[in-house]
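S.K.: Residue numbers (our numbering): 487 to 993.
1. As an exercise, report each continuous beta strand (DSSP E) stretch of at least 3 residues that is fully enclosed by the segment 641 to 679, in chain order.
2. If you reduce the DSSP assignment to three classes, tell me which class residue 560 lands in.
3. As an exercise, report each continuous alpha helix (DSSP H) stretch of at least 4 residues that is fully enclosed by the segment 805 to 861, in chain order.
4. For residue 802 versus residue 933, is the C-beta distance shorter than 8 Å?
5. Give the single residue among 954, 800, 808, 891 whose Cα lies nearest to the Cα of residue 939.
6. Are residue 947 and residue 820 closer than 8 Å when you measure CB to CB?
7. Between the Cα of residue 621 and those of 687, 639, 631, spot the shortest distance and give me the residue it belongs to.
8. Rounding to the nearest angstrom, what Cα-Cα distance links residue 760 and residue 737 in this structure?
9. For residue 724, does the three-state DSSP call read helix, strand or coil?
10. State the DSSP-derived secondary structure class of residue 684, mapped to helix, strand or coil.
11. Measure the CB-CB distance between residue 829 and residue 768 and report whether it falls below 8 Å.
12. Is it buried or exposed for residue 898, if we count other Cβ within 10 angstroms and need 16 for buried?
13. Cβ of residue 929 within 8 Å of Cβ of residue 799?
14. Please list, in chain order, all residues of the same chain as residue 963 whose beta carbon is under 8 Å from its beta carbon, the five residues on each side excluded.
15. Identify whether residue 740 lies in helix, strand or coil by the three-state DSSP scheme.
16. Nearest to residue 751 by CA position, among 764, 724, 734, is which residue?
17. Contact between the segment 740 to 757 and the segment 785 to 799 is defined here as three or more beta-carbon pairs at a separation below 8 Å; is this criterion met?
18. Can a CB atom of chain B be found closer than 8 Å to the CB of residue 641?
19. Expressed to the nearest angstrom, what Euclidean distance is found between the alpha-carbon atoms of residue 871 and residue 618?
20. For the alpha helix (DSSP H) that residue 785 lies in, which residues bound it at each end?
21. Hey, quick one: how far does the beta strand (DSSP E) through residue 621 stretch, first residue to last?
22. Output the distance between the C-alpha atoms of residue 560 and residue 719, rounded to the nearest integer angstrom.
23. Hey, residue 644 and residue 628: beta-carbon distance below 8 Å or not?
24. Are there 16 or more other CB atoms within 10 angstroms of the CB of residue 856, so buried, or fewer, so exposed?
25. From the DSSP output, in three-state form, read off residue 797 for me.
26. Which class does residue 927 belong to by DSSP, given the choice of helix, strand or coil?
27. Can you give me the Cβ contacts of residue 846 inside the same chain, cut-off strictly under 8 Å, excluding the 5 residues immediately before and after it?
28. Would you kindly check if the distance between the Cβ of residue 676 and the Cβ of residue 709 is under 8 Å?
29. Along the chain, where does the alpha helix (DSSP H) that runs through residue 963 open and close?
30. Going by CA-CA distance only, name the one from 694, 926, 662, 649 that's closest to residue 881.
31. Residue 705 and residue 672 look like a contact to me (Cβ under 8 Å); what is the Cβ gap, rounded to whole Å?
32. On the DSSP bridge list, what partners appear for residue 873?
33. Rounded to the nearest angstrom, what separates residue 877 and residue 640 at their Cα positions?
34. Would you give the residue range spanned by the alpha helix (DSSP H) that residue 887 belongs to?
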């Protein structure tokens, strides 16, 4: 992408300011070294990631995004459309600076001091009993929502931590200072979260880094003398739920076929050995399928419904164990607000127990799709295909290294050519009957007949779910219409969707 001369000048000024001028070079910490271009008009930050050791490891960088604040009564979710009134942000003291700047002592934009208003307003997040809270992975799906709700509530005790400048894009409209920290580099992360009494680990990303990140975040929290570590695991560590009375502290399956679930289970096993630490209490929350605006567990079914490739396994009566992102944020906040949280494992889920058929039909009616177009899929056994072998190849380290060498446009062109080669001559797709792409994870989730019990969490931290299923569906449909999913012309009616529900954005 060609950049404007002004952007290159701003990038050079950023590098000079972001690099500490004192101390000798030491390895370990991260410092930005290449151009960062902020497009405040669209509320996004485009960062070219390239790192070198910082000159002084004891100096951590705090960045603030200078963009016009969003309206305090609105929450635009993970994907947003910027209005025509957005302009490039400028600072009074540096009239030509724009984009990412080192944080100053100036007050935050007015948005940070205002709460959400209107009839649909929720009670603001309470200030934590643990003091200052570091949100590791604040650029991810859940982390960004936590930071957004805390900012809209006017809280100043939340410190967002991301691993790269690119991860700040999701929170750019909030104008909130961030710090750089990586769970796989515990010494530098400990410097970034110094002074925090509680640490919330919301990191996602490469499954190969899940265990190392859990170990690093725990070590950093210990080094920073935090009193509480909240680690977010996943109900996927159990594969299919076969018992309704499965205890919260039951060991996970470390032989899971899915790398994400397997590594999440291994991270749980590591933290299991740290529960007896009196100096650092460890609370592991095990959420079910996290949904809401921006979640692949919402976007994938909606896209499949629009392309007539949605499917239900059997009669669709499998338990759809959902947890709205706002309910997960409230659950985390309930742990932080507890005066004396107890170390342990806790399952969290929505209050209502719904089925996959009820979930899909609610989305279908809201999007104007006939539920009769949902395909039935046999429930006797999973039938794998080419996409399973493709996913195995995509998980290889060599594949990821090669993928990073190609631009987005090149990868899209290669995929289109491959799809054309495998799908037959051009124009034949228009006469084909839409076929669903059945994936193993989806099939296993839809055949689950039980849900994890959440009695232990409710007895310890109370009922922390403000979002009902009906309200969640209404908000989800409003967001889907906002991003244009209900626009028929944007979808090829016979194109099978291939969205990965586990591919949450990394923080």
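Heads up, the beta-carbon is just placed ideally off N, CA and C, and yes, glycines get one too.
M.R.: This is what the structure gives:
1. 644 to 648, 664 to 666
2. Here residue 560 scores only 41 on pLDDT, less than 50, and its place in the model should not be relied on; the value that follows carries that caveat. Residue 560 falls in the coil class under three-state DSSP.
3. 811 to 823, 842 to 853
4. no
5. 808
6. yes
7. 687
8. 15 Å
9. helix
10. strand
11. yes
12. exposed
13. yes
14. 849, 852, 853
15. coil
16. 724
17. no
18. Given the protein chain composition of this structure (a single chain), no chain B is represented.
19. 49 Å
20. 782 to 792
21. 619 to 622
22. For residue 560, the predicted structure reports a pLDDT of 41, less than 50, and the residue's modelled location is therefore unreliable. A value from the coordinates is still provided. Each residue's alpha carbon lies about 30 Å from the other.
23. no
24. exposed
25. strand
26. helix
27. 787, 791, 796, 798, 802, 857, 860
28. yes
29. 955 to 968
30. 694
31. 4 Å
32. The partner list for residue 873 (beta bridge, DSSP) is empty, contrary to what the question assumes.
33. 43 Å
34. 883 to 890
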